[in-house]
Amino acid sequence: MNETTIDFRLNGTPTEVTVPTNRLLADLLREDLRCHGVRSSCERGVCGACTVLVDDLPVASCSTFAFDVDGASVETVEGLAAADGSLSPQQQAFAECGGFQCGFCTSGMLMLTTGLLRQNPCPKRADIRSWISSNTCRCTGYEMILESVERAAELGDGGAR
Amino acid sequence: MRAQALGAGLVAQTQSSIPPFELHRPGSVAEVVALLAVHPEAVIAAGCTDLTAQLREGRVPRDLISVRRVPDLQQVRHDGGVLRIGAGLTHHEGSRHPLLQATLPSLAAAWADIATVRIRYSATIGGNLLARRFRYEMPVLLGALEADLELAGATEPRRPVDWLWGGGDHDGGDHDGSERDGAGAGAWRTRGLLTGVAIDTSDLLWFGYERSMRPTTTVALAIRVVDGSLRVTATIGSEYRRPVTVSTTADVAHPTDLDPGSVGRAVASRLPDDIEDRAGSAEYRRHLVAVLVGRLVATARDSGAQAPEGVTA
Amino acid sequence: MTLTQPSTDAGPVLHELPTAPSAHRVVGRDGARADAPLKVTGKAVYTTDVVRPGMLHAKVLRSPHAHARIVSIDAARARTVPGVTAVLTQDDVRHLNPYGTFVKDQPVVAIDHVRYVGDVVAAVAAVDERTALAALDLIEVVYEVLPHVTELDEALDPAGVEIWPEAPVGMVPDYGQGASGELRTQHNVSYTFRYTTGSPDVWDQCDHIFEDTFTFSRMNHMHLEPFVAVAEATDDAIEIWSSTQSPFPLRKELAWTFGLPENRIRVQTMLLGGGFGAKNGLKADPVAVRLSQLSGGRPVRYAMTTEEVFLTVSQHAARLVYRTGVMADGTFVARRARVLLNGGAYTELSPLVCEKAGYRTPGAYRWQHIDSQASVVTTNTVPAGAFRGFGGTQATWASERQLDLIAERLGIDPFDLRMKNLKELGEEFVPGEAPIDSDLREGLRLVADEIGYPDRVQVPGRGMGVCIGIKDGGGVNKPAQARVKVSTKGDVFLSSGLTEMGQGSQSALCQIVAEVLGCAPGRVAFARIDTDNTPFDQGTNASSGIAVMGQAVQQAAEKVRREVLSWAGGQLDLDPGSLALRDWVVVGPDGAEHPLAPLVMGTFGGTGFEFTADGFFKSGNSHLAPLEAPCVFWEIGWAAAEVEVDPETGKVTVLQLVVSGDAGKVINKLGCRGQDEGAAVFGLGQSLFEELRYDGDRPVNAEALDYRVPLAEDLPERFWSLTQEQGHGAGPFGAKGMGEGTMLPVAPVIAQAIADAVGAQLTDLPMSPERVFRALHPRIESS
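Protein chains in written order, with this note's numbering: chain A, 1 to 161; chain B, 1 to 313; chain C, 1 to 783.
Have a look at this one:
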């Protein structure tokens, strides 16, 4: 049987799916679970457009097999806003500080930010720079992303949700 | 991209365009070895950060053994002057491991610096080594430390780091021996399971890593006490060429007596003639090695390193 | 008041310029962009997200050879694979027209010859990508390998191989005063642009003449969303969803290639995940269209992988030889430029890039004579096309670098030499061209002061530089059309072909409409782009969004406003000229408010009505202008930098980098800043490390891990931008275009700072540690 059944939490919701063994987490999220906010770009783990959190840690979902999240908690950009649609502090900050342009890296950058703030609610500039250096943004020149992360921390609550 | 089956060109294979594989999820090294006996061509997967790239370069696993849940591969141990680091540790877990930080803090620091925050949470030391990509850094760090790769279920249980590149004492059976980067170098032909790396710390005085000139040239450098003298071993990394390890002995007893300039020149002069690559000419790289080794030795000298690290004098 | 009056014999004429009231801020200026909610929630929809019922997937086979004759292709076995609907080889495209902007040389898939490693040889459509790959693996191709050329000199050698022995269909655009273009001027040269002005006699007056050679490396655009298209096509009609910057030019090119009327082709464009020039012209499109035709019209998706994107288009590598004559006091007199661009295997957009690389030779300075010639050299490498900066980056590298070399030779501070020769505000760029619409010196002083250049203290190993780059903005002879509609309740639609690829222009155009209609920007929605319904546009490029399209949009909004007020005046029996429009309420001369919705329904019934108007803008044609129309605005980039150089290794650390552009008038602050900083970091990567590397005939880093782009960790410790609002722009409210200017001066400013730090003058990009080291130590001491 080249299929496997996995049980995990997707943005807090218990989810069980049976997928081919080579199903990638990115494709599972995008194609089977309608999380189109997960973007696929380089698909070899470098650019980070597909970054999601797995048990609070940022991972490239293009380079993670779905079977590897069995039992884990997976979070995507779709889980950031509150149920009533109000934006999370990270989302507000990226909007307010212009931390996005074409938007293709933005979901990944937001998840990196979420992971960072969860570990370190008051990161220093050097920590932010180091974390954001995990992913590629070709549009902004990064400074406005770094400021967005600082602003997200300031807006409170950050990744604590 | 991979070569088309009939050699008619290049096609863009992706990890999602390969057929599903048989998935095995063993819980122990013994189970992995048993599986390998049945499926000798099986792919061993841990963090999968590089495996994905290998799939894009043409690798198509029929059987995949995920070793992520093998606790034996997640250990760090220090017994009898030998530090053992489990192959399944991620860069994050490994570099922050308390025993490593206590035993060989300089390696922990260097290890904590490679890749990116995101990759460090997924990629493992074993994957970094077996990917056999020239630009990856663990072979450079471990090369200078003269570490051994420990293999279970293989013809030889221990191999030097250089074996990755098909050089040294490799037996030819596990490799195509070609001087190529990455999966093309037969990365998946390693028979047996890489369980970890072993570093002899008994005579190790100092270790340091210089990556400020990455990717043109990186230098890892270890100083050991051998027969009352200091032996300096440096591994030189680059983007397009396999790492090179050279040693030189300084006839002094303490790092404080080392002359950084002459050690730098000695290491540089021992480099092979063909160390040029697309990122730097041979003479420039040789010069850089002299400078970077000199800087590392100066740091060692000024650090006052006296007793082997982690070894109570 | 005219902006385009030609100069007289008396010399350059100072023009009266429009100046926007500086106090007034466009509505929404300091707010977030309109696309923020979609993009921070992940709800934004890109072409990669398009799924059609019954959609098939395409994969292609790419050439392993840089140059070969296709002896035979046998695809019979591929066609029998279950799940395969179409296999595309040369015999399926021989009747189609090859494409390309001025030279039509690129076939849908290779016919008889492959011309670079990565050239498309065959394609398959199947139920999924795995099946398509399996079928590709069964295609047999016999190649006869031919000699190849990858470098400029090899390619120009008449004894060497000729890549296009027979002339493809090609055309030359009309040129005006002093400019000309010509196809196939030399062995393997597809296009040459020439421009001259002033008398060559002035060379004789020069106290010094210097000739220097500069080389420029090529980058990949590395947009994160790959080239992707979904096509539903028959022999009679094409519907396509494409990640393109230029939907109407795409329609035109598809019509040409497939021999269909334009009204049988419908292009729909979603948000783009970056473009930077790459997404002009056909990319994934023709393969998807042809495969759909061969699959009975079923939708075919062709999404390239990033590795394939690298094999599709790149920037132009270049060699520029500049000869410059100056007076002893540093006054510039004459400049001769000979520029060679590596155009790759197909001509793509090369003629236009070549034109600009030649035309931008004067830089920001005053000359008596210019003699410029730029040529596109065909080589067996990845085709080069439009890339942010568009020839201007190459020209600025040579121009600014040579200025520094001359400053050193004459013993003049590079800053002073620039200030001495910079053009005045209002001075023509060249005769017949639009006047300079920024105070160039003011910007130069601004960035110099920012990093402390005037009071700098010499610290060993540290140095500073101050540079400027300039390019004509808004495209050549480019028309723009837009439509504004307002519903009964005052909901506003803006319809324009301007694509959103990250620059924020759709959002800014909505602000312009809101400003004119007196409503909140949130009331204005940007309609989806669909060539059947959207007003015509030549494409989103040349920083034209605000300065060109903005004028059409502003005009359409003003027309709607006039129409509404005129109609309301009639209804209310008031003089329309006395009425104001605010939040869809007509305000009378007495301050009385008349809500429009009930008024509209009173006349048109409960279902209501839409007020609608079209706007149009185009810079006036003029044969006196070298490019047949004066440019709409000048895009200026100023930069100042401080670096530290390690003389032992050649490593350069940029300590501070400040860039500045002149927005004329800021429409959206975040948008302007983002464009300036993003462009600057493109320049930063190109300066220090980023390049597509070839080893012989094959690219060696055409892949995301090996191809190094700037990351956050590569930013200088201090990096910032300053958006100027000098107010002289031709666009709405005095606005100019943004997005490319600050890329231009970055490499030269870093080079100047390196020279200031350690005396090494670099002329090649990127400025790798080894290049810096060798400039310092021409002979490396053997260790």
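We treat Cβ as the ideally placed atom computed from N, Cα and C, and that holds for glycine.
- Does any CB atom of chain A fall closer than 7 angstroms to the CB of Gly443 (chain C)? The beta carbon of Gly443 (chain C) does not come within 7 angstroms of any beta carbon belonging to chain A, so the residue lies off that interface.
- Query: Considering only residues of the same chain and omitting the five flanking positions on each side of Val70 (chain B), which have a CB-CB separation below 7 angstroms?
  - Reply: Spatial neighbours of Val70 (chain B) in its own chain (CB-CB distance under 7 angstroms, excluding positions within 5 residues in sequence) are listed in chain order as Pro26, Gly27, Ser28, Val29, Val32, Gly88.
- Query: According to DSSP, what are the bridge partners of Asn342 (chain C)?
  - Reply: C:Ala317, C:Val377, per the DSSP bridge assignment.
- Can you tell me which of C:Phe214, C:Pro769, C:Ser495 puts its alpha carbon nearest to the alpha carbon of Ala527 (chain C)? The option with the nearest alpha carbon to Ala527 (chain C) is C:Ser495.
- Message: Quick check: is the beta carbon of Phe21 (chain B) nearer than 7 angstroms to any beta carbon in chain A?
- Response: Residue-level contact by beta carbon holds for Phe21 (chain B) and chain A, with a gap shorter than 7 angstroms.
- Query: According to the neighbour-count rule (16 or more other Cβ atoms, all chains shown, within 10 Å of its Cβ), is Gly741 (chain C) buried or exposed?
  - Reply: Residue burial annotation: Gly741 (chain C) is buried, with at least 16 other C-beta atoms found within 10 angstroms of its C-beta.
- Nearest candidate by alpha-carbon position, reference Thr114 (chain A), set A:Thr4, A:Val59, A:Thr18, A:Ala66: The shortest Cα separation from Thr114 (chain A) among A:Thr4, A:Val59, A:Thr18, A:Ala66 belongs to A:Val59.
- Message: Tell me the rounded alpha-carbon separation between Thr185 (chain C) and Glu677 (chain C).
- Response: Spanning the two alpha carbons is a distance of roughly 39 angstroms.
- Cutoff 6 angstroms; reference Thr4 (chain A); Cβ partners in own chain excluding five residues on either side: By the criterion of a C-beta distance shorter than 6 angstroms, Thr4 (chain A) is surrounded in its chain by Thr21, Phe67, once the five residues flanking it on both sides are discounted.
- Task: Can you grab the Cα-Cα spacing for the pair Met109 (chain A) / Gly606 (chain C), in whole Å?
- Result: Their Cα atoms are separated by approximately 47 angstroms.
- Query: In angstroms, rounded to a whole number, what distance separates the CA positions of Asp27 (chain A) and Arg39 (chain A)?
  - Reply: Spanning the alpha carbons of Asp27 (chain A) and Arg39 (chain A) requires a straight line of approximately 10 angstroms.
- Message: Rounded to whole angstroms, what is the Cα-Cα separation between Arg418 (chain C) and Leu403 (chain C)?
- Response: Just so you know, the alpha carbons of Arg418 (chain C) and Leu403 (chain C) end up roughly 8 angstroms apart.
- Given that Gly115 (chain A) touches chain C, what residues does it touch there, using C-beta distances under 7 angstroms? Within 7 angstroms of the CB of Gly115 (chain A), no CB atom of chain C is found; the nearest one sits about 15 angstroms away.
- Of all the CB atoms in chain C, is at least one closer than 7 angstroms to the CB of Ile132 (chain A)? At least one chain C Cβ lies under 7 angstroms of Ile132 (chain A).
- Query: Closer than 7 angstroms, CB to CB, is Arg265 (chain B) near chain E or not?
  - Reply: Considering every chain present, this structure includes no chain E. Its protein chains are A, B and C.
- Query: DSSP on Gln177 (chain C), reduced to helix/strand/coil?
  - Reply: DSSP, reduced to helix, strand and coil, places Gln177 (chain C) outside both helices and strands of the structure shown, so it counts as coil.
- Query: Hey, how far is the Cα of Phe276 (chain C) from the Cα of Gln503 (chain C)?
  - Reply: As the crow flies, the alpha-carbon of Phe276 (chain C) is around 10 angstroms from that of Gln503 (chain C).
- Item | CB of Gly264 (chain B) within 7 angstroms of CB of Ala282 (chain B), strictly | With contacts defined as CB atoms closer than 7 angstroms, Gly264 (chain B) and Ala282 (chain B) fail to qualify as a contacting pair.
- Task: May I ask which residues mark the beginning and end of the alpha helix (DSSP H) holding Arg130 (chain C)?
- Result: It spans 129-136 - the alpha helix (DSSP H) in which Arg130 (chain C) sits, taken as one unbroken run.
- Query: By how many angstroms is the C-alpha of Val300 (chain C) removed from the C-alpha of Ala132 (chain C)?
  - Reply: Rounded to whole angstroms, Ala132 (chain C) to Val300 (chain C) spans 12 angstroms at the Cα level.
- Query: Among all the DSSP beta bridges, which residues are the ones paired with Met464 (chain C)?
  - Reply: Answer is C:Glu642.
- Short CB-CB distance (under 7 angstroms) between Ala152 (chain A) and chain C: By this cut-off, Ala152 (chain A) is not an interface position.
- How close, in whole Å, do the beta carbons of Met219 (chain C) and Glu690 (chain C) come, if the pair is a contact with beta carbons under 8 angstroms? The beta-carbon distance between Met219 (chain C) and Glu690 (chain C), rounded to whole angstroms, is 5 angstroms. This is short enough to meet the 8 angstroms contact definition.
- Message: Which residues does DSSP list as the beta-bridge partners of Thr192 (chain C)?
- Response: According to DSSP, which records beta bridges pairwise, Thr192 (chain C) is partnered with C:Glu182, C:Ser375.
- Task: Give the interface partners of Asp68 (chain A) over in chain B, defined as CB-CB distance under 8 angstroms, in chain order.
- Result: Those are Cys48, Ser66, Arg68, listed as they occur along chain B.
- Report yes if the C-beta distance between Thr76 (chain A) and Cys35 (chain A) is below 7 angstroms; otherwise report no. Yes, these two residues count as a Cβ contact at 7 angstroms.
- Query: Taking the continuous beta strand (DSSP E) assigned at Arg84 (chain B), which residues delimit it?
  - Reply: Segment 82-86, the beta strand (DSSP E) holding Arg84 (chain B).
- Message: To the nearest angstrom, how far is the alpha carbon of Gly304 (chain B) from that of Val232 (chain B)?
- Response: Taking the straight line from one Cα to the other gives about 16 angstroms.
- Mind listing the chain B neighbours of Leu136 (chain C)? Cutoff is C-beta to C-beta under 8 angstroms, in chain order. Neighbours of Leu136 (chain C) on chain B, chain order: Gln4, Val11.
- Task: Look up Ser174 (chain A) in the DSSP assignment and say whether it is helix, strand or coil.
- Result: Outside the modelled stretch of chain A, which goes from 1 to 161, sits residue 174 (chain A), for which no answer is possible.
- Name, please, each residue of chain C whose Cβ falls closer than 9 angstroms to the Cβ of Ala95 (chain A). What Ala95 (chain A) touches in chain C: Ala32, Arg33, Ala36, Pro37, Lys39, Val40.
- Message: Tell me the residue span of the alpha helix (DSSP H) that contains Gln119 (chain A).
- Response: Segment 106-119, the alpha helix (DSSP H) holding Gln119 (chain A).
- Message: What would DSSP say about Trp367 (chain C), mapped onto helix, strand or coil?
- Response: Three-state DSSP puts Trp367 (chain C) in coil, outside helix and strand.
- Message: Distance check for Asp697 (chain C) and Gln752 (chain C), CA to CA, integer angstroms please.
- Response: Inter-residue distance for Gln752 (chain C) and Asp697 (chain C) is about 33 angstroms (C-alpha atoms, whole angstroms).
- Task: Return yes when the Cβ of Pro243 (chain B) is within less than 7 angstroms of the Cβ of Thr235 (chain B), no when it is not.
- Result: Their beta carbons are under 7 angstroms apart, which means Thr235 (chain B) touches Pro243 (chain B) by this criterion.
- Message: Measuring straight from C-alpha to C-alpha, what distance separates Gly198 (chain C) and Phe429 (chain C)?
- Response: Rounded to whole angstroms, Gly198 (chain C) and Phe429 (chain C) show a C-alpha spacing of 13 angstroms.
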